[in-house]
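Numbering (this note's numbering), first residue to last: 1 to 750.
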C-alpha cells in the first residue's frame, strides 16, 4: 500500500529490468511495477555498464505505467561482473559476480544495483522475484518535509497545551497538530474502556457514517472512550470548526498530526474529515501522521478503514522501542498487576513533554516498575504474535506503520506484520529505553530526514542474489536490527510475510477474474434460454417457462448452469469474508456490476425453483425466508455505488427486470388473492386488500416506467394472470359495495 501524499510531489516508477531475445538481438526490458513518491529533483537516473571495451548507457526517466523502455545489446552477452553504481561516485565499483539474471534498481535515489549472470536466460519474460518496498517507501517519505514539519507543529501544540491544537498553512498544505498532553477529567488512566464510534454529534450532524457500514455479523466499530471524548471536546470548540472551515477553503491538502495521545486525536480528526468529504466531495486530499500514538480502536475499525480505502492516508511513526504504541496490547484492567503503574508513567511523559528540563525532577522514576511494565507488555505482545489472526486482543492497528531507528526506517501496512515487528523490535530493547524512546521522536525525525542511507552498502561477499533479498537486507538494517541479533531471522521472515500477504489478496482477485471469464459461457446460455422463452408461442415468459419446465435437456442444462454460477459467487463471498481478497473488493466496479448482472439474470430462476418445489409451504415466502444470503450482500454492494438511486427514462422494456424480487412479490400477491377469497373476517379482508392494492400500484409503476422485462407482461405470465384475477375480483367488490354495503365483507365479497 502506498502512502497518500500532497500533490506537490512527483511520482516515479519502481521497475523490473530483464533480458529477452528477439530476432537474434538481446534486449534489456524495463517494466513499470508501481509508483512511488519522490521529489522533483530526483526523477532521472543514469547507469553505466562496461561491456568489453564499449560503454553502454541506460537512462531511466519517468514513463507511463504501461510503457516499456528497450535498449539493444549488440552481439553475445558475456558480462562477468556485478556492478554497483554509487550515486556520489563517477565510476562504478565492481565486486565478485553472483548467479542471477536480473538487472534491477530497488533504491534509485541511493544505489543502482545490477546483477548480471555469465549467460542470461534469454527466454525469461516474466518477473523472477517481487520487490521489497518497505524501506523504499520510508526513504521517500523521509525525503519530503512532511515529517519534520509535522513534528515541529506537534512540539508547538504541546507547548501551547491549554489550546489543545494549532493550525498552520505552508503553501497549499494545511497542518492541524494536536497536543500530546491532552486528557479528560475522570477518564480511565488505562485507556481500556471501549465505546461505540458515534454516527452523529450532539447537534445531529454526521461524524463517522461510512465506518458503520460493516459486514453482517461483525462487531460494531469501537474506540477508546477517553480518547474519543478528547476529540469530541475539540470538535465542539467553535474555534476548531472555524479554522477547519478556513483551511478547507484555502488548502489543497490537509495533514493532521500529533504526538502520543495527540496522535489518536489526529487519527479521529482525519477520520471525521474523510467521512465529511465522502458526502461533500470537495477536491481535498487528507493525510494523518502520528508519532508514538497509542492504538485507537478494535479490529472492526481497522477493517472499516481498509474497506473505505483510507489505509494509505495514515502514517504512524513508531520508534524502535517506544512502549506507548504497544501498551494497549496488554490487558490493563483494574485487576492487572501493572494497572496502578500506568498513571505515573503517563504523568512522567506529560511533564517531560511540556518541561523537558524539569520532567526528570517532577516525577521520580522507578526502575522496578518500569521493568514490570516492559515485561508485561512484551509478554502479551508476544502472545498476540503467536495467536495471529485469532488474537483476542481488543485493539488492532490500522494504516501504514513507519518504524524508525537510528539506522533508518521501514514502512509496513499489513496488520499481522505490524504487530510482529512491534514485538521483535521491542524484544531487542530494555525497560529504560522503552520509556525514553517515547520522547526521542525529534531526534529520529532529524536523522531520517537526512541522507543517512547514502553510507549503506553491502560488504564484499555478502551481495544478495536478487533485488528482493537486497531489499530485505536493507530494510532489516533500517529497522535497527543487526544481522547477528537473534531476532534477525524472524524479522526477515516478518518482512517477507508482509510482502506476501500484501500480494495474496490481489493475486486471489486476479485469479477470480480469470474464473469469472470461464463461467461467462454459463451465463450466456441462460441469456440465450431467456431470449427463447420470451419469444416462445406459449407466451409464458422467462420466469414461468423455467418454473413449469419439463425434463428436457435444455431445461436441465440451464438449471445446472444456475448451480454453477451460485457456487462461484458463494466462493467469492467466502474469500471476501475470510480476508483473502482486498478489503475494498466490494467497491471494485468490475465485481459490483458483475454481481448485479448475475443477480438480475439468475435470481428470478431461484425464485421459480423455490415456488416450483413448494418450499414456501414449509419455510414461508421467498423474500423473508428463502432468499439466498449472496443476493442480500450484492444488494449492499450495489447500494454502496449509488446504483438504483437514479431514475432513468426508458423507451423500451428493460432486458432484465430491475427488481430481482419482483416475481417473489407476484407469488405473495397470488397467495393474498387466495386468502382474501377464503376469509370471512372483515378486518383481515381489508388488510389483505390493502397489501394487494399496494403491490398492484407498485407493479403498475414498474411496467409504465419499463423497469421490467417483456416476460413480465407476457400474456400467460404469472403476473398477467394475477392482474386479470385481481381486476375481476376488485370489479366485483366495487360493483357490489353500493348495493350490499352492510354485508359485502361478511357474505358477498370476501
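Ideal placement from N, C-alpha and C gives every residue a C-beta, glycine not left out.
With burial defined as no fewer than 16 other Cβ atoms inside 10 Å of the residue's Cβ, what is the status of residue i: buried or exposed?
| i | result |
| --- | --- |
| residue 221 | buried |
| residue 413 | buried |
| residue 751 | The requested residue 751 is not part of the displayed model; the chain covers only 1 to 750. |
| residue 437 | buried |
| residue 246 | exposed |
| residue 612 | exposed |
| residue 227 | buried |
| residue 123 | At residue 123 the pLDDT is 34, less than 50, meaning the model places this residue with poor confidence and gives no usable figure here. |
| residue 521 | exposed |
| residue 216 | exposed |
| residue 333 | exposed |
| residue 211 | buried |
| residue 259 | buried |
| residue 283 | exposed |
| residue 711 | buried |
| residue 617 | exposed |
| residue 554 | exposed |
If I follow the unbroken beta strand (DSSP E) through residue i, where does it start and stop?
| i | result |
| --- | --- |
| residue 175 | 173-178 |
| residue 587 | Segment: none, residue 587 is in no beta strand (DSSP E) and carries neither H nor E. |
| residue 408 | 408-412 |
| residue 168 | 165-170 |
| residue 317 | 314-319 |
| residue 400 | 400-405 |
| residue 291 | 285-291 |
| residue 214 | That residue, residue 214, is in no beta strand (DSSP E); it is neither H nor E in DSSP. |
| residue 539 | Run containing residue 539: none; DSSP gives neither H nor E here. |
| residue 224 | 222-224 |
Skipping 5 residues on each side, what residues in its chain have a beta carbon closer than 6 Å to that of residue i?
| i | result |
| --- | --- |
| residue 243 | 167 |
| residue 730 | none |
| residue 268 | 231 |
| residue 286 | 254, 270, 273, 274, 313 |
| residue 24 | For residue 24, the predicted model reports a pLDDT of 49, less than 50, meaning its position is unreliable; a value from the coordinates is still stated below. Nothing meets the Cβ criterion. |
Do residue j and residue i count as a contact pair if the criterion is CB distance below 7 Å?
| i | j | result |
| --- | --- | --- |
| residue 380 | residue 330 | yes |
| residue 588 | residue 306 | no |
| residue 354 | residue 181 | yes |
| residue 709 | residue 673 | no |
| residue 298 | residue 418 | no |
| residue 321 | residue 494 | no |
| residue 318 | residue 403 | yes |
| residue 600 | residue 546 | no |
| residue 653 | residue 590 | no |
| residue 423 | residue 480 | no |
| residue 558 | residue 529 | yes |
| residue 581 | residue 508 | yes |
| residue 150 | residue 264 | no |
| residue 207 | residue 223 | no |
Quick check on the DSSP output: the alpha helix (DSSP H) that includes residue i runs from which residue to which?
| i | result |
| --- | --- |
| residue 264 | 261-280 |
| residue 183 | Taken as a continuous stretch (DSSP letters only), residue 183 belongs to no alpha helix (DSSP H), as it is neither H nor E. |
| residue 640 | 629-640 |
| residue 797 | Outside the modelled stretch of the chain, which goes from 1 to 750, sits residue 797, for which no answer is possible. |
| residue 692 | 682-704 |
| residue 250 | 238-250 |
| residue 562 | 553-577 |
| residue 195 | Run containing residue 195: none in the alpha helix (DSSP H); it sits in the beta strand (DSSP E), 194-196. |
| residue 347 | 339-354 |
| residue 372 | 367-387 |
| residue 615 | 615-618 |
| residue 299 | 299-307 |
Please go through the same chain and pick out, in chain order, the residues whose beta-carbon is closer than 7 Å to the beta-carbon of residue i, but skip the five residues on each side of it.
| i | result |
| --- | --- |
| residue 427 | 378, 487 |
| residue 538 | 716 |
| residue 535 | none |
| residue 573 | 630, 633 |
| residue 444 | 319, 404 |
| residue 485 | 428 |
| residue 326 | 377, 381, 422, 426 |
Does any residue of chain D have a CB that is nearer than 7 Å to the CB of residue i?
| i | result |
| --- | --- |
| residue 505 | In the structure shown, chain D cannot be found, because there is only a single protein chain. |
Report, in whole angstroms, the separation of the C-beta atoms of residue i and residue j, which I expect to be a contact under 8 Å.
| i | j | result |
| --- | --- | --- |
| residue 173 | residue 251 | 6 Å |
| residue 262 | residue 178 | 4 Å |
| residue 683 | residue 676 | With a Cβ gap of about 12 Å, residue 683 and residue 676 do not count as contacting. |
Considering only residues of the same chain and omitting the five flanking positions on each side of residue i, which have a CB-CB separation below 8 Å?
| i | result |
| --- | --- |
| residue 713 | 653, 703, 719, 720 |
| residue 490 | 420, 424 |
| residue 158 | 179, 180, 181, 259, 262, 353, 354 |
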